[in-house]
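Undergrad: Here's a structure for you.
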Amino acid sequence: MHIEQFEYVIEVARRGNISKAADRLHVSHSAVSQAISSLEAELGIPIFIRSRSGSTFTDKGEAVLKLSYEIMNKITELKELGHHSKEMPGSLSISASAIFFSTFLLEAIKSFKLEYPQIQMEIDSNTLVPIIEKAKSFQTDIGLIMGTDETHKEVSRYMNARIIYTIKLMVAVSKNSPLAKMDVITPKEMLNYPLVIRNERPNRKTWEDIFLRYGQGNILCYTNNDEVMKNVIANDLAIGFFTDLMKKDPLVVRGDICLIPYFDPIEVPNYHLICIQAKNKYSSIVEKEFIKCLLESIESYKSEL
Numbered sequence: 000m001h002i003e004q005f006e007y008v009i010e011v012a013r014r015g016n017i018s019k020a021a022d023r024l025h026v027s028h029s030a031v032s033q034a035i036s037s038l039e040a041e042l043g044i045p046i047f048i049r050s051r052s053g054s055t056f057t058d059k060g061e062a063v064l065k066l067s068y069e070i071m072n073k074i075t076e077l078k079e080l081g082h083h084s085k086e087m088p089g090s091l092s093i094s095a096s097a098i099f100f101s102t103f104l105l106e107a108i109k110s111f112k113l114e115y116p117q118i119q120m121e122i123d124s125n126t127l128v129p130i131i132e133k134a135k136s137f138q139t140d141i142g143l144i145m146g147t148d149e150t151h152k153e154v155s156r157y158m159n160a161r162i163i164y165t166i167k168l169m170v171a172v173s174k175n176s177p178l179a180k181m182d183v184i185t186p187k188e189m190l191n192y193p194l195v196i197r198n199e200r201p202n203r204k205t206w207e208d209i210f211l212r213y214g215q216g217n218i219l220c221y222t223n224n225d226e227v228m229k230n231v232i233a234n235d236l237a238i239g240f241f242t243d244l245m246k247k248d249p250l251v252v253r254g255d256i257c258l259i260p261y262f263d264p265i266e267v268p269n270y271h272l273i274c275i276q277a278k279n280k281y282s283s284i285v286e287k288e289f290i291k292c293l294l295e296s297i298e299s300y301k302s303e304l
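Its first residue numbered 0, the sequence shown is counted upward by one per residue in numbering that gives the first Met the number 0.
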């Protein structure tokens with residue numbers, strides 16, 4: 000067995016097929032294919048089911064993937080013994096909800112790359128469930144999600160989950176809305192207007208609870224696209240929930256969108272930004288340093304709100 004074989008297994012899992020894995024690793028398709036075939040022959044089990052649509056794991060292949068991550072984690076741990084953290088080669092993968100990209104994530108990346116320019120970063124924007132699945136299955140090093148107390152409790156059962164910021168829930172309305180001059184907005188008042196709702200489980204659950212308590216609302220649309228939500232609100236077509244982190248958004252700064260504190264006399268759900276990583280995953284120096292940069296960027300961002 001060779002270390003490269005485990006690295007190839009992991010990369011095929013991340014990319015979904017051998018060709019993309021080979022491109023990412025800067026080796027030939029045949030090199031990856033032969034290395035994996037050799038590992039399968041040595042183990043006496045098929046790891047992947049290959050098809051035109053990509054490569055999927057067999058049941059035993061899933062176990063090989065898990066062990067491959069454990070092996071590579073230990074190798075990383077060994078390498079770190081002989082390097083100063085700023086000299087560490089390597090890569091870092093991050094999967095994050097859209098809210099992170101519109102707030103402090105980019106500043107954290109900039110700060111991290113200044114300190115560790117040799118680290119190759121791979122970042123994607125995704126929704127809640129895919130981010131959790133990618134982090135859980137070791138397909139990404141760090142997942143950044145938004146969720147409620149319930150979300151945090153659920154993911155903590157099978158992942159390392161850390162609350163990094165607790166959000167204040169705000170109602171976003173157009174400057175032309177009658178609600179724009181309110182000091183606070185209640186759920187009953189919101190139900191008098193068309194609604195735009197983020198199409199993720201915690202957000203949908205919040206609205207389901209509101210509808211149960213106060214009556215069904217008029218839903219204009221569900222979307223996970225922040226730009227769609229902001230444009231719908233700015234054009235006074237609907238109102239919706241955003242967070243205090245949106246205070247620095249250009250549409251808010253310019254006054255096209257007004258943020259009004261939300262008040263529910265029965266229950267206001269707690270929303271958090273949560274950093275997740277696979278359970279039992281070795282957290283490398285690179286990952287720890289990025290999380291440090293992220294927390295520093297959050298503190299800087301909060302001080303400006």
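Beta carbons are placed, not taken as given, at the ideal position from N, Cα and C, and that holds for glycine.
Just so we're clear, the structure is a prediction, and the values are computed from it rather than from any experiment.
Tell me whether residue 170 sits in a helix, a strand or coil according to DSSP, three-state version.
TA: Position 171 of the sequence shown holds residue 170. Residue state, collapsed to three classes: strand.
Undergrad: I'd like the ranges of any beta strand (DSSP E) spanning at least 3 consecutive residues and lying wholly in the stretch 209-286.
TA: For the stretch 209-286, whole beta strand (DSSP E) runs of length 3 or above, ordered along the chain, are 218-222, 239-242, 256-260 and 270-277.
Undergrad: Secondary structure at residue 159, three-state DSSP: helix, strand or coil?
TA: Taking the sequence shown and counting its residues from 1, one reaches residue 159 at position 160. It is a strand residue.
Undergrad: I'd like to confirm the pairing. Which residues does DSSP put opposite residue 182 in its beta bridges?
TA: Position 183 of the sequence shown holds residue 182. Paired residues: none, contrary to the question.
Undergrad: Looking at the structure shown, is residue 47 part of a helix, part of a strand, or coil, going by DSSP?
TA: Position 48 of the sequence shown, counted from the first residue, corresponds to residue 47. DSSP places residue 47 in strand when its eight states are reduced to three.
Undergrad: Quick one: grab the DSSP three-state call for residue 147.
TA: As a working mapping, residue 147 is identified with position 148 in the sequence shown. Looking at residue 147 - three-state DSSP - the assignment turns out to be strand.
Undergrad: My understanding is that residue 169 touches residue 228, with C-beta atoms under 8 Å, so please give their C-beta distance in whole angstroms.
TA: For the purposes of this step, residue 169 is taken as the residue at position 170 of the sequence shown. For the purposes of this step, residue 228 is taken as the residue at position 229 of the sequence shown. Not confirmed; about 13 Å, so no contact.
Undergrad: Answer yes if the stretch 42-56 comes into contact with the stretch 11-22, meaning at least three C-beta pairs across the two stretches below 8 Å, and no otherwise.
TA: yes
Undergrad: Taking only the alpha-carbon atoms, compute the straight-line gap between residue 272 and residue 99 and give it to the nearest angstrom.
TA: Your numbering for residue 272 matches position 273 in the sequence shown. Your numbering for residue 99 matches position 100 in the sequence shown. One C-alpha to the other measures close to 9 Å.
Undergrad: On the DSSP bridge list, what partners appear for residue 95?
TA: Sequence index remark: in the sequence shown, residue 95 carries index 96 (1-based). Looking at the DSSP assignment, residue 95 forms a beta bridge with 124 and 143.
Undergrad: Pairs of beta-carbons, one from the stretch 133-150 and one from the stretch 285-293, closer than 8 Å: are there three or more?
TA: yes
Undergrad: Out of 35, 144 and 89, point me to the one whose CA is closest to residue 121's CA.
TA: In the sequence shown, the residue the question calls residue 121 occupies position 122. Here the closest residue by C-alpha is 89.
Undergrad: Can you find at least 3 beta carbon pairs, one from the stretch 151-160 and one from the stretch 232-245, that sit closer than 8 Å?
TA: Counting Cβ pairs under 8 Å, fewer than three are found: no touch.
Undergrad: Taking C-alpha atoms, which residue in 298, 295, 293 and 282 lies nearest to residue 75?
TA: On the sequence shown, residue 75 is found 76 positions in, with the first residue counted as 1. When only C-alpha atoms are compared, the closest one is 282.
Undergrad: Which residues in the same chain as residue 67 place their Cβ atom closer than 7 Å to its Cβ, once the five residues preceding and following it in sequence are excluded?
TA: As a position in the sequence shown, residue 67 is number 68, starting the count at 1. Taken in chain order, the residues that qualify are 5, 8 and 9.
Undergrad: Look at the alpha carbon of residue 38 and the alpha carbon of residue 304, and state the distance between them as a whole number of angstroms.
TA: To locate residue 38, count along the sequence shown from 1; it is residue 39. To locate residue 304, count along the sequence shown from 1; it is residue 305. Each residue's alpha carbon lies about 54 Å from the other.
Undergrad: Is the beta carbon of residue 65 sitting closer than 9 Å to the one on residue 44?
TA: In the sequence shown, the residue the question calls residue 65 occupies position 66. In the sequence shown, the residue the question calls residue 44 occupies position 45. For residue 65 and residue 44, no; Cβs fall outside 9 Å.
Undergrad: Would you kindly report the start and end of the unbroken beta strand (DSSP E) that includes residue 195?
TA: Your numbering for residue 195 matches position 196 in the sequence shown. Counting along the chain, the beta strand (DSSP E) containing residue 195 begins and ends at 194-197.
Undergrad: For residue 3 and residue 33, what's the separation of their Cα atoms in angstroms?
TA: Within the sequence shown, numbered from 1, the residue matching residue 3 stands at position 4. Within the sequence shown, numbered from 1, the residue matching residue 33 stands at position 34. Computed Cα separation, rounded: 11 Å.
Undergrad: Closest to residue 211 by C-alpha separation, out of 147, 71 and 266, would be which residue?
TA: Residue mapping note: residue 211 aligns to position 212 of the sequence shown, counting from 1. Among 147, 71 and 266, the Cα nearest to that of residue 211 is on 266.
Undergrad: Can you tell me whether residue 115 is helix, strand or coil according to DSSP?
TA: Position 116 of the sequence shown holds residue 115. Residue state, collapsed to three classes: coil.
Undergrad: With H, G and I counted as helix, E and B as strand and the rest as coil, what does DSSP make of residue 18?
TA: Counting from 1 along the sequence shown, the entry for residue 18 is found at position 19. If DSSP states are grouped into helix, strand and coil, residue 18 belongs with the helices.
Undergrad: Please go through the same chain and pick out, in chain order, the residues whose beta-carbon is closer than 7 Å to the beta-carbon of residue 28, but skip the five residues on each side of it.
TA: Within the sequence shown, numbered from 1, the residue matching residue 28 stands at position 29. Cβ within range, chain order: 17, 18 and 21.
Undergrad: Assuming residue 108 and residue 274 form a contact by the criterion Cβ under 8 Å, report the distance between their Cβ atoms to the nearest whole angstrom.
TA: Locating residue 108 in the sequence shown gives position 109, counting from the first residue. Locating residue 274 in the sequence shown gives position 275, counting from the first residue. Their Cβ separation, rounded to whole angstroms, is 14 Å, which puts residue 108 and residue 274 out of contact at 8 Å.
Undergrad: Starting from the Cα of residue 276, find the closest Cα among 194, 249, 196 and 159 and give me that residue.
TA: Counting from one through the sequence shown, the residue named residue 276 turns up at place 277. Out of 194, 249, 196 and 159, 159 has the C-alpha closest to the C-alpha of residue 276.
Undergrad: What number of angstroms, rounded off, separates the C-alpha of residue 25 from the C-alpha of residue 300?
TA: Taking the sequence shown and counting its residues from 1, the one referred to as residue 25 is at position 26. Taking the sequence shown and counting its residues from 1, the one referred to as residue 300 is at position 301. In a straight line, the C-alpha of residue 25 is about 38 Å away from that of residue 300.
Undergrad: Rounded C-beta distance between residue 171 and residue 258? I'm assuming under 8 Å.
TA: Along the sequence shown, read from residue 1 onward, the residue named residue 171 stands at position 172. Along the sequence shown, read from residue 1 onward, the residue named residue 258 stands at position 259. Their Cβ separation, rounded to whole angstroms, is 6 Å, which keeps residue 171 and residue 258 in contact under 8 Å.
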